[in-house]
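First comes the structure, then the notes that go with it.
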Amino acid sequence: MFTLLATTARGRRGSLQTAHGAIDTPVFFPVGTGGAMRGITLEDLRALGSQVLLCNTYHLHLMPGEDVVKEAGGLHDFIGWDGPILTDSGGFQVFSLKSIRRIEEHGVHFRSHIDGRPLFLGPKEAMEIQHKLGADIIMCFDECPPSTAPRQKQIGAVDRTLRWAKECKIHYEEIHRSRATNQRSNEPTNQRPLLFGIVQGGLERDLRIKCAEELQAIGFDGYAIGGLAVGETEAEMFDILDTVCPLLPENKPRYLMGVGRINQMRTAVTKGIDIFDCVLPMREARHGTIHLSDGSTIRILQSRFVRDHTPIDPDSPSPLSTSHTKSYLSHLFHAKERAAETIACMQNMGVMLEAMQTLRNDMKI
RNA sequence: GGGUCGGUCGGAUAGUGGCAAUUCCGCCGCGCUGUAGACGCGGUGCCUCACGGCUCCGGGGGUUCGAGUCCCUCCCGGCCCA
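Heads up: the first sequence begins at 5 in the working numbering, then just goes up one per residue.
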């Protein structure tokens, strides 16, 4: 259930109610693919102010398997996160694991990136796995091609994405019908996760429009825009938002998948986006690119920081960045100490979450 | 004193007579966007780039059209024998 609280020049301010609490939007979802953040704990993430967590169907299906998670009482109990969780469907792995997968009409054959064993993911599988995981928001299984792929590829991807979206919706309804009839007394009734559809179509406006309209005809709790920030320019990405956002229902949340940088999110919010997720802040942190709260960026591995004894970021939301110096962080990176990763990840994630909080605060409700 | 093995670009290494010279690390720079990747790409003798040129494999000399590679000698280091 989404409540649009205000529409301002800066964007939409809203609240998304889930089984594990409300999410204030615009919001950034940290990516904890396998049920964990790299370098920091979920307690750290909570302390930095994250409202939610994103996990991944493909990865959790491979390891430890949804049955283990279900047996543990669901993802929340398993990983110890009592806030809302969104699971991605595995659709992005169609893109990122393109060398070890084969797309078919009913889904996608993968070879496990861990041990090479074959596995199949389609709309039905994605729905069943995500329900067993017990996330609060689940995603349709989609095909995510590179945004720069030729039109023919985009047409195929949109066709499959729409067909799979329909199948996801059907399976979703079936799962809840059978749950309703087999209701055990101790199981809460309104635990239905929110189901989001995903708009594909690359940079082809007409395909984006078609996809957005047909998804709405099926009807979802929220609408994601996928297949962006995967090869196109920033201007092209914003053009697609300008095309798609006006077509999406006002009273449903809009989720720009895989984006991104703080400035990109600020712009996307003005175009009507409510939700983001991105691995970039954490990946950059691990690789030594540090985002400061004044909006600047430093590469801590550069030699100029070896003797920089000033705090990493005196205004940081991360306590580690006010108590430690750039020189020390530089040393930890050069020495390949894992603490480097922790300090850097806390910093980047902290700055990211704080920027989103500021963005929300700046919108008068 | 005798014998022997060895001295290659910051470190460690490869190197059939055609080599500005291999690989790894380090160092320098850049890139990462719904996480296969504590990762990837490029650079790393000098001439500001390309082209081209110059100088290079402990020092010196020699053989050769051509030497890091072969020969002599010196210096330095390891090991063995005295």
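For each residue, glycine too, the CB sits at the ideal point set by N, CA and C. Computed from a prediction, not measured in an experiment: that's the story for all the values here.
Top-ranked residue by Cα proximity to residue i, from the options
{"i": "H313", "options": "T326, G39, S322", "result": "T326"}
{"i": "S322", "options": "K157, H24, G53", "result": "G53"}
{"i": "L90", "options": "A344, L20, R16", "result": "L20"}
{"i": "H63", "options": "T45, G25, T22, I118", "result": "I118"}
{"i": "D146", "options": "K256, A161, P257", "result": "A161"}
{"i": "E358", "options": "S297, F280, G126, G138", "result": "S297"}
{"i": "D319", "options": "G354, P285, K340, P250", "result": "G354"}
{"i": "V263", "options": "F33, L8, T29", "result": "F33"}
{"i": "G206", "options": "E171, R196, W85, A233", "result": "A233"}
{"i": "G231", "options": "Q268, E177, Q158", "result": "Q158"}
{"i": "K256", "options": "G25, T271, A13, P30", "result": "P30"}
{"i": "H24", "options": "A239, L101, D140", "result": "D140"}
{"i": "A339", "options": "D366, R16, L305", "result": "L305"}
{"i": "R308", "options": "D246, T293, S300, S331", "result": "S331"}
{"i": "H182", "options": "H135, S151, S300", "result": "Looking at the sequence provided, one finds Ser at residue 182 rather than His. Considering only alpha carbons, the answer is H135."}
{"i": "E341", "options": "G292, Q361, S93, R164", "result": "G292"}
{"i": "D3", "options": "R50, D210, R270, V283", "result": "Summary: the structure shown does not reach residue 3, with the chain confined to residues 5 through 369, and so no result is reported for it."}
{"i": "T237", "options": "D210, R258, Y227, Q268", "result": "Q268"}
{"i": "S151", "options": "G87, Q204, D81", "result": "Q204"}
As assigned by DSSP and simplified to three states, the class of residue i
{"i": "D48", "result": "helix"}
{"i": "M261", "result": "coil"}
{"i": "R14", "result": "coil"}
{"i": "T152", "result": "coil"}
{"i": "I369", "result": "coil"}
{"i": "F145", "result": "coil"}
{"i": "V203", "result": "strand"}
{"i": "S189", "result": "Bear in mind that a pLDDT of 48 at S189, under 50, signals an unreliable position, so the number given afterwards is only what the model happens to contain. If DSSP states are grouped into helix, strand and coil, S189 belongs with coil."}
{"i": "G354", "result": "helix"}
{"i": "D86", "result": "coil"}
{"i": "P4", "result": "With the chain represented from 5 up to 369, any question about residue 4 goes unanswered, as that position is not in the structure."}
{"i": "H295", "result": "strand"}
{"i": "C349", "result": "helix"}
{"i": "I304", "result": "coil"}
{"i": "T237", "result": "coil"}
{"i": "R167", "result": "helix"}
{"i": "R42", "result": "coil"}
{"i": "D140", "result": "coil"}
{"i": "K275", "result": "coil"}
{"i": "M131", "result": "helix"}
Beta-carbon spacing of residue i, residue j below 8 Å
{"i": "V248", "j": "I266", "result": "no"}
{"i": "F242", "j": "F224", "result": "no"}
{"i": "I83", "j": "G39", "result": "yes"}
{"i": "G43", "j": "R290", "result": "yes"}
{"i": "L79", "j": "C59", "result": "yes"}
{"i": "I222", "j": "K173", "result": "yes"}
{"i": "R121", "j": "V112", "result": "no"}
{"i": "L333", "j": "M350", "result": "no"}
{"i": "S116", "j": "L66", "result": "yes"}
{"i": "G18", "j": "D278", "result": "yes"}
{"i": "M131", "j": "H175", "result": "yes"}
{"i": "A26", "j": "K368", "result": "no"}
{"i": "L363", "j": "R14", "result": "yes"}
{"i": "L219", "j": "A169", "result": "yes"}
{"i": "I347", "j": "T329", "result": "no"}
{"i": "I244", "j": "R196", "result": "no"}
{"i": "Q97", "j": "F124", "result": "no"}
DSSP beta-bridge partners of residue i
{"i": "P29", "result": "What sits at residue 29 in the sequence shown is Thr, not Pro. Per DSSP, G18."}
{"i": "R106", "result": "H113"}
{"i": "H180", "result": "None; H180 has no bridge partner."}
{"i": "P34", "result": "C282"}
{"i": "P3", "result": "Because the chain spans 5 through 369 in this model, residue 3 falls outside it and cannot be assessed."}
{"i": "A228", "result": "I202, Y259"}
{"i": "N60", "result": "D92"}
{"i": "F6", "result": "L20"}
{"i": "R290", "result": "Note: R290 sits in no beta bridge, so no partner."}
{"i": "I213", "result": "The partner list for I213 (beta bridge, DSSP) is empty, contrary to what the question assumes."}
{"i": "T362", "result": "For T362, which the question treats as bridged, DSSP gives no partner whatsoever."}
{"i": "T329", "result": "P315"}
Cβ-Cβ separation, residue j to residue i (assumed contact under 8 Å), whole Å
{"i": "G235", "j": "C148", "result": "In fact, because the Cβ distance is near 11 Å, the residues do not count as touching under 8 Å."}
{"i": "T61", "j": "I133", "result": "5 Å"}
{"i": "K214", "j": "E171", "result": "Between E171 and K214 the Cβ distance is about 18 Å, and since that is not below 8 Å, they are no contact."}
{"i": "A216", "j": "L251", "result": "5 Å"}
{"i": "R155", "j": "E208", "result": "6 Å"}
{"i": "E254", "j": "N352", "result": "The Cβ separation is near 33 Å, so there is no contact."}
{"i": "V4", "j": "M286", "result": "Look at the range of the chain in this structure, 5 to 369, and you will see that residue 4 is not part of it."}
{"i": "V72", "j": "L137", "result": "Between L137 and V72 the Cβ distance is about 10 Å, and since that is not below 8 Å, they are no contact."}
heavy atom of the ligand SAH below 7 Å from residue i C-beta
{"i": "E345", "result": "For the ligand SAH, the structure offers nothing, since it holds no ligand at all."}
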